[in-house]
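A.B. asks:
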Amino acid sequence: MVMDDKSDLKLTQMCSCAGCAAKIKAKDLELLLQEVHYPLDPRALAGQSSGDDAVVVKVSDDLALVQTIDFFTPVVDDPLRFGRIAAANALSDVYAMGGTPFTAMNVTCFPLKEMGTETLSLILKGGLEKVLEAGAVMAGGHTVQDAEPKFGLAVTGLIDPKKMVRKDGAVPGDVLVLTKPLGTGVLNTAHKFRDISPDDLEGVMTSMETLNKAASEAMVKVGARAGTDVTGYGLLGHSLEMARNGDVLFEFQAEAIPWLHGAEEAYLRGNIPGGSISNLDYVRPYLEVVGEVPEHILGLMADAQTSGGLLISIDPSKVDELMEAVPKLFTAPKVIGRVLERESSSGYLRVIGK
Numbered sequence: 324m325v326m327d328d329k330s331d332l333k334l335t336q337m338c339s340c341a342g343c344a345a346k347i348k349a350k351d352l353e354l355l356l357q358e359v360h361y362p363l364d365p366r367a368l369a370g371q372s373s374g375d376d377a378v379v380v381k382v383s384d385d386l387a388l389v390q391t392i393d394f395f396t397p398v399v400d401d402p403l404r405f406g407r408i409a410a411a412n413a414l415s416d417v418y419a420m421g422g423t424p425f426t427a428m429n430v431t432c433f434p435l436k437e438m439g440t441e442t443l444s445l446i447l448k449g450g451l452e453k454v455l456e457a458g459a460v461m462a463g464g465h466t467v468q469d470a471e472p473k474f475g476l477a478v479t480g481l482i483d484p485k486k487m488v489r490k491d492g493a494v495p496g497d498v499l500v501l502t503k504p505l506g507t508g509v510l511n512t513a514h515k516f517r518d519i520s521p522d523d524l525e526g527v528m529t530s531m532e533t534l535n536k537a538a539s540e541a542m543v544k545v546g547a548r549a550g551t552d553v554t555g556y557g558l559l560g561h562s563l564e565m566a567r568n569g570d571v572l573f574e575f576q577a578e579a580i581p582w583l584h585g586a587e588e589a590y591l592r593g594n595i596p597g598g599s600i601s602n603l604d605y606v607r608p609y610l611e612v613v614g615e616v617p618e619h620i621l622g623l624m625a626d627a628q629t630s631g632g633l634l635i636s637i638d639p640s641k642v643d644e645l646m647e648a649v650p651k652l653f654t655a656p657k658v659i660g661r662v663l664e665r666e667s668s669s670g671y672l673r674v675i676g677k
């Protein structure tokens with residue numbers, strides 16, 4: 324079969340929102356879910372009511388299934404790398420719970436007539452690469468016609484219920500560790516508008532297609548108390564979920580936050596995803612700022628991430644062991660804050676500046 328080439332069409336120009344910035348706003352999602360009453364099942368150990376990254380369903384005392392689905396519009400024009408990034412992002416929800424991916428199925432929406440079979444084939448190939456890297460079985464999928472391209476995975480993972488990492492386990496005295504730098508949202512937006520250097524584009528793509536596998540295995544090995552992956556609701560949005568679930572205060576040191584190269588400059592040039600703006604608006608009622616913290620730093624802390632790293636709450640005595648256990652595949656994990664007791668009248672988040 325001769326494959327058609329329609330490479331003059333750019334993936335990022337075919338969609339109005341890119342990547343995890345295309346998620347429904349946190350506030351809107353919160354409201355609409357109040358009208359949908361899912362019955363709670365005692366077999367569900369996490370996810371149905373806890374707001375965790377995936378649902379965990381008990382099979383036996385020593386085995387549970389982790390189930391998740393994630394797909395989105397393109398963040399880069401290279402179809403092979405878009406496939407890798409979307410797959411890494413979908414697999415991340417299993418890793419965030421401390422699970423191991425077992426099977427994956429493609430979820431694909433695509434304008435085949437406009438973009439051609441070759442582009443779609445490369446997207447699927449990129450996704451397959453990451454599924455195989457994760458050690459999972461690619462078990463088919465489902466594809467439909469759509470005006471905007473979208474790709475992701477439905478993933479089933481395996482987990483020992485006793486080693487499951489949830490969002491609600493953080494306790495005062497813990498430190499907060501971030502395993503990837505922030506800034507994918509603004510850099511992806513800069514790419515969409517052709518306002519990014521080749522080196523910065525390569526850096527953000529490398530970050531997004533790096534699996535959270537090693538970080539997850541290290542998190543489980545050292546006994547992390549709580550964790551999540553940082554995606555569409557940004558560091559502040561996902562931290563709010565964790566802090567509320569544990570009824571604690573997350574305090575961040577602004578100067579400790581790691582950024583992808585070029586992220587601050589891209590933000591200051593106006594490459595700000597709409598999702599990042601709504602994220603910051605959503606967390607402000609729960610956020611205290613102490614000292615001098617530039618507004619663009621708060622904006623970047625709320626930046627809508629695609630395939631971000633893990634945010635881990637851990638006993639301080641375990642930090643060195645965690646750092647040693649994570650191979651330096653992209654960048655070293657970094658301590659960015661701590662967990663404190665929350666007063667009843669205070670918010671859940673605090674950012675400390677100069």
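Residue numbers (my numbering): 324 to 677. Even glycine gets a Cβ: it sits at the ideal position worked out from N, Cα and C.
1) Considering only residues of the same chain and omitting the five flanking positions on each side of Met428, which have a CB-CB separation below 6 Å?
2) What residue range does the alpha helix (DSSP H) around Leu388 cover?
3) Which value, in whole angstroms, describes the spacing of the CA atoms of Ser669 and Lys436?
4) Do you know how far the Cα of Asp416 is from the Cα of Asp498?
5) Name the one or two DSSP bridge partners that Asp552 has.
6) Considering only DSSP beta bridges, list what Phe433 is partnered with.
7) Compare the beta carbon distance of Gly508 and Ser599 with 8 Å and say whether it is the shorter of the two.
8) In the DSSP assignment, the alpha helix (DSSP H) including Ile620 goes from what residue to what residue?
9) Assign Met326 to one of two classes, buried (16 or more other C-beta atoms within 10 Å of its C-beta) or exposed (fewer than that).
10) Measuring straight from C-alpha to C-alpha, what distance separates Ile519 and Gly631?
11) Kindly indicate which residue of Leu623, Ser601, Leu621 and Leu572 has the alpha-carbon position closest to the one of Glu664.
12) Excluding five sequence neighbours on each side, which residues of the same chain lie with their C-beta closer than 8 Å to the C-beta of Leu583?
13) Can Gly676 and Ala577 be called in contact, C-beta distance under 8 Å?
14) What is the rounded straight-line gap between the Cα of Val612 and the Cα of Arg673?
15) At 4 residues or longer, what runs of the alpha helix (DSSP H) sit wholly inside the region 432 to 516?
16) Excluding the 5 residues flanking His619 on each side, which residues of the same chain have their C-beta closer than 8 Å to its C-beta?
17) Sort Leu633, Thr442 and Thr391 by Cα distance to Pro402 and report the nearest one.
18) So Val399 and His514 are supposed to be a Cβ contact under 8 Å. How far apart are they, rounded?
19) Nearest by alpha-carbon distance to Thr423: which of Asp393, Lys453, Lys536 and Arg517 is it?
20) What first and last residue would you give for the alpha helix (DSSP H) that runs through Ala413?
21) In the DSSP assignment, the beta strand (DSSP E) including Ala369 goes from what residue to what residue?
22) Using DSSP with H/G/I as helix, E/B as strand and the rest coil, what is Lys333?
23) Suppose contacts are defined by Cβ-Cβ distances below 8 Å. Is Gly569 in contact with Asp491 by that definition?
24) Reducing DSSP to helix, strand and coil, say where Thr529 ends up.
25) Go ahead and pull the three-state DSSP assignment for Glu644.
26) Could you check the C-alpha separation between Glu666 and Ala459 for me, to the nearest Å?
C.D. replies: Judging by the given coordinates:
1) For this step, residue 428 is matched to residue 105 along the sequence shown. Only Ala462, Gly463, Gly464 and Ala477 meet the Cβ criterion.
2) Reading the sequence shown from its first residue, position 65 is the one you call residue 388. Counting along the chain, Leu388 falls outside any alpha helix (DSSP H), though it belongs to the beta strand (DSSP E) covering Leu386 to Phe395.
3) Within the sequence shown, numbered from 1, the residue matching residue 669 stands at position 346. Within the sequence shown, numbered from 1, the residue matching residue 436 stands at position 113. It is roughly 54 Å from the alpha-carbon of Ser669 to the alpha-carbon of Lys436.
4) For this step, residue 498 is matched to residue 175 along the sequence shown. For this step, residue 416 is matched to residue 93 along the sequence shown. Reading off the sequence, residue 498 comes out as Val, not Asp. Approximately 22 Å between the Cα atoms of the pair.
5) Locating residue 552 in the sequence shown gives position 229, where the first residue counts as 1. Looking at the DSSP assignment, Asp552 forms a beta bridge with Leu633.
6) Residue numbering aside, residue 433 sits at position 110 when the sequence shown is read from its first letter. BP columns for Phe433 point to Gln468.
7) Walking along the sequence shown from the start, residue 508 turns up at place 185. Walking along the sequence shown from the start, residue 599 turns up at place 276. For Gly508 and Ser599, yes; Cβs fall inside 8 Å.
8) Taking the first residue of the sequence shown as position 1, residue 620 is located at position 297. Note, Ile620: alpha helix (DSSP H), Glu618 to Met624.
9) Here residue 326 is taken as the residue at index 3 of the sequence shown, counted from 1. Model confidence at Met326 stands at a pLDDT of 44, short of 50, so the residue's coordinates are unreliable; what they give is reported in the following sentence. It is exposed - the Cβ of Met326 has fewer than 16 other Cβ atoms within 10 Å.
10) One-based indexing of the sequence shown puts residue 519 at position 196. One-based indexing of the sequence shown puts residue 631 at position 308. Roughly 19 Å between the two C-alpha positions.
11) As a working mapping, residue 664 is identified with position 341 in the sequence shown. Looking at the Cα atoms, Leu572 is the closest of the given residues.
12) Indexing the sequence shown from 1 puts residue 583 at position 260. So the qualifying residues of the chain are Pro504, Leu505, Gly506, Thr507, Leu510, Asp523, Gly526, Val527 and Ser530.
13) As a position in the sequence shown, residue 676 is number 353, starting the count at 1. As a position in the sequence shown, residue 577 is number 254, starting the count at 1. The criterion of a C-beta distance shorter than 8 Å is satisfied by Gly676 and Ala577.
14) Stepping through the sequence shown from its first residue, residue 612 is reached at position 289. Stepping through the sequence shown from its first residue, residue 673 is reached at position 350. Roughly 6 Å separates the two Cα atoms.
15) List check, alpha helix (DSSP H) in window: 435 to 438, 440 to 456 and 507 to 515.
16) Locating residue 619 in the sequence shown gives position 296, counting from the first residue. Cβ neighbours of His619 beyond the five flanking positions: Glu587, Tyr590 and Leu591.
17) As a working mapping, residue 402 is identified with position 79 in the sequence shown. Checked all of Leu633, Thr442 and Thr391; the closest Cα to Pro402 is Thr442.
18) As a working note, residue 399 is residue 76 in the sequence shown. As a working note, residue 514 is residue 191 in the sequence shown. Indeed, because the Cβ distance is near 6 Å, the residues count as touching under 8 Å.
19) Mapped onto the sequence shown, residue 423 falls at position 100. The shortest Cα separation from Thr423 among Asp393, Lys453, Lys536 and Arg517 belongs to Lys536.
20) Translated into positions along the sequence shown, residue 413 becomes position 90. Residues Pro402 to Ala419.
21) The residue given as residue 369 occupies position 46 in the sequence shown. Ala369 -> beta strand (DSSP E) spans Ala367 to Ala369.
22) As a first step, residue 333 is located in the sequence shown; it is residue number 10 there, counting from the start. Of the three classes helix, strand and coil, the one that applies to Lys333 here is coil, per DSSP.
23) Position 246 of the sequence shown holds residue 569. Position 168 of the sequence shown holds residue 491. Closer than 8 Å, so yes.
24) Locating residue 529 in the sequence shown gives position 206, counting from the first residue. Three-state result, Thr529: helix.
25) By 1-based counting over the sequence shown, the position of residue 644 is 321. Correct three-state label for Glu644: helix.
26) Counted from its first residue, the sequence shown places residue 666 at position 343. Counted from its first residue, the sequence shown places residue 459 at position 136. When only Cα atoms are considered, Glu666 and Ala459 end up about 44 Å apart.
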